[in-house]
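To start, the structure itself, in structure tokens.
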Amino acid sequence: MAPWTLCGVLLAAVIGLGIRLLLIQRDLEELRRQLQDRLSDDTNTLLTTASGGALRRLTSALNGQLRQLRRQRQQYLRSDRELKEAVTAVSHDLRTPLTAIQGYLELLEREDKSPDAKRYLARIDERVQAMTRLTGELFRSSALLSSREELPVETVDLRGALEESLASFYGAFTAGKLQPEVSMPEKPVLCRANRAALSRVLDNILSNALKYSDGDLSVFLTGDGELLFSNAASRLSRAQVEQLFDRCFSVKTAEQGAGLGLSIAKSLTGQMGGRLTAEYRAGRLCIRVQLPKEEGM
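For the sequence shown, position 253 matches number 390 in the numbering used here, and the numbering has no gaps at all.
Structure below.
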């Protein structure tokens, strides 16, 4: 075979191989795009390819993994729904006996008792009150976390809402010898929020500060509507802070609570279209709240 003929054959082979590689690259990119879409959307559509051989086998294997992932996702959603329904039912059923116990305790208060009996009854009453708070919190959180709908929002003065929440905690701050350092603009800070939900979010964050603060609390509100709560928290670690928004997470040093406060706050903030984040820096717990701004701000 003449050299120029051999060169022509080799050149044709190289060109053919290059075209084949480009087609494979195109098909792989299409598979990547399809896979990304299937993982982000809740759909039963599988991956497809026009190629044969190894790419078709790869597509078949990926489709098998997608089917398994969907089965696991459906099982998780079903189990999660059943768990929430069970928690709601149990917390609701506990209300009746707890109310009855409280009634009997009130009756016993009217009877003559020894000092020891008074002390024991006081301790029982404390436990019943704690149990009542716990069941109420579980009931409300189960109903809330089961909902994925956005909350109705309106124009709200974030500065005014913050002032109201801080004022409502004055007694708790005084009892805990905690004096908040507050910095906020003189003018109203308008945002889009649900008034009741915003109040709940702020109250839960302030309650969390009372639990974990080493004796200080800084609250900063910017004119752009960004709210930052910061306090020294030597009893926390970076790993624990990363779990603060998990349902039922509670640090052992906390004396009360079911570990639902910040989880509820995060869920409510998300349903209002905002973000709630936490980080641990130089021994300080920093919780940041960002809500949608009022248009025109």
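Even for Gly, the Cβ is constructed at its ideal location relative to N, Cα and C.
Exposed or buried, which one is residue i when buried takes at least 16 other CB atoms within 10 Å?
{"i": "Leu358", "result": "buried"}
{"i": "Gly190", "result": "exposed"}
{"i": "Gly153", "result": "exposed"}
{"i": "Ile424", "result": "buried"}
{"i": "Ala226", "result": "exposed"}
{"i": "Cys144", "result": "exposed"}
{"i": "Gly201", "result": "exposed"}
{"i": "Thr142", "result": "exposed"}
{"i": "Thr390", "result": "Its pLDDT being 41, under 50, Thr390 is placed unreliably in this model, and the value from its coordinates should be taken loosely. Exposed is the call here."}
{"i": "Thr182", "result": "exposed"}
{"i": "Ala330", "result": "buried"}
{"i": "Arg175", "result": "buried"}
{"i": "Ala334", "result": "buried"}
{"i": "Thr272", "result": "buried"}
{"i": "Tyr241", "result": "exposed"}
{"i": "Thr406", "result": "buried"}
{"i": "Tyr349", "result": "buried"}
{"i": "Ala376", "result": "exposed"}
{"i": "Leu159", "result": "exposed"}
{"i": "Gly411", "result": "buried"}
Beta-carbon within less than 8 Å of residue i's beta-carbon, same chain only, minus the 5 sequence neighbours each way: which residues are those?
{"i": "Glu323", "result": "none"}
{"i": "Glu246", "result": "Leu258"}
{"i": "Asp164", "result": "Thr186, Ala187, Ser188 and Leu192"}
{"i": "Gly297", "result": "Pro325"}
{"i": "Gly360", "result": "Pro322, Lys324 and Val326"}
Compute the Euclidean distance between the alpha carbons of residue i and residue j, then round it to the nearest angstrom.
{"i": "Tyr257", "j": "Ser216", "result": "41 Å"}
{"i": "Pro429", "j": "Val293", "result": "11 Å"}
{"i": "Asn345", "j": "Thr185", "result": "50 Å"}
{"i": "Ala127", "j": "Arg204", "result": "The requested residue 127 is not part of the displayed model; the chain covers only 138 to 434."}
{"i": "Leu231", "j": "Gln173", "result": "45 Å"}
{"i": "Met409", "j": "Val151", "result": "59 Å"}
{"i": "Arg208", "j": "Asp179", "result": "12 Å"}
{"i": "Leu364", "j": "Arg337", "result": "15 Å"}
{"i": "Thr269", "j": "Leu235", "result": "7 Å"}
{"i": "Arg157", "j": "Ser177", "result": "30 Å"}
{"i": "Val426", "j": "Leu206", "result": "34 Å"}
{"i": "Leu413", "j": "Gln266", "result": "30 Å"}
{"i": "Arg332", "j": "Val290", "result": "8 Å"}
{"i": "Ala237", "j": "Asp340", "result": "30 Å"}
{"i": "Asp262", "j": "Gln316", "result": "31 Å"}
{"i": "Leu373", "j": "Ser404", "result": "22 Å"}
{"i": "Arg218", "j": "Leu244", "result": "40 Å"}
{"i": "Val249", "j": "Thr233", "result": "According to the sequence displayed, residue 249 carries Asp and not Val. Their Cα atoms are separated by approximately 27 Å."}
{"i": "Gly394", "j": "Ile161", "result": "Residue confidence is low: Gly394 scores 45 on pLDDT, short of 50, so the model does not pin down where it sits. Its coordinate-derived value is still stated next. Using only the alpha carbons, I get a separation of about 57 Å."}
{"i": "Arg260", "j": "Pro252", "result": "13 Å"}
Excluding five sequence neighbours on each side, which residues of the same chain lie with their C-beta closer than 6 Å to the C-beta of residue i?
{"i": "Ser355", "result": "Glu318 and Ser367"}
{"i": "Ser351", "result": "In the sequence under discussion, the amino acid at residue 351 is Asp, which differs from the Ser named in the question. Here the set comprises Ala369 and Ser371."}
Excluding sequence positions up to five away, which residues of its chain have a Cβ less than 7 Å from the Cβ of residue i?
{"i": "Ile342", "result": "Phe366, Ala402 and Ile424"}
{"i": "Cys328", "result": "Val293, Leu295, Gly362, Leu428, Pro429, Lys430 and Glu431"}
{"i": "Gln212", "result": "none"}
{"i": "Ala309", "result": "Leu347"}
So is residue i in contact with chain C if we call contact Cβ pairs under 8 Å?
{"i": "Asp179", "result": "Absent from the structure is chain C; it holds one protein chain and no more."}
**OP:** Decide yes or no for the touch test of the segment 371-384 against the segment 400-410: beta carbon pairs closer than 8 Å, at least 3 of them.
**Re:** Contact between the segment 371-384 and the segment 400-410 is present, because at least three Cβ pairs lie under 8 Å.
Kindly confirm or deny that the segment 163-177 and the segment 195-205 touch, where touching means at least three C-beta pairs closer than 8 Å. The segment 163-177 vs the segment 195-205: in contact.
I want to know whether the segment 405-424 touches the segment 294-313 - three or more CB-CB distances under 8 Å.
With the cut-off at 8 Å, the segment 405-424 and the segment 294-313 do not touch.
In chain order, each beta strand (DSSP E) run of at least 3 residues that lies wholly inside the segment 309-369
As far as the segment 309-369 is concerned, its whole beta strand (DSSP E) runs of at least 3 residues are 318-320, 327-330, 355-358 and 363-369.
Jot down the residue ranges of each uninterrupted beta strand (DSSP E) in the segment 230-275, minimum 3 residues, whole runs only, in chain order. Whole beta strand (DSSP E) segments, 3+ residues: zero.
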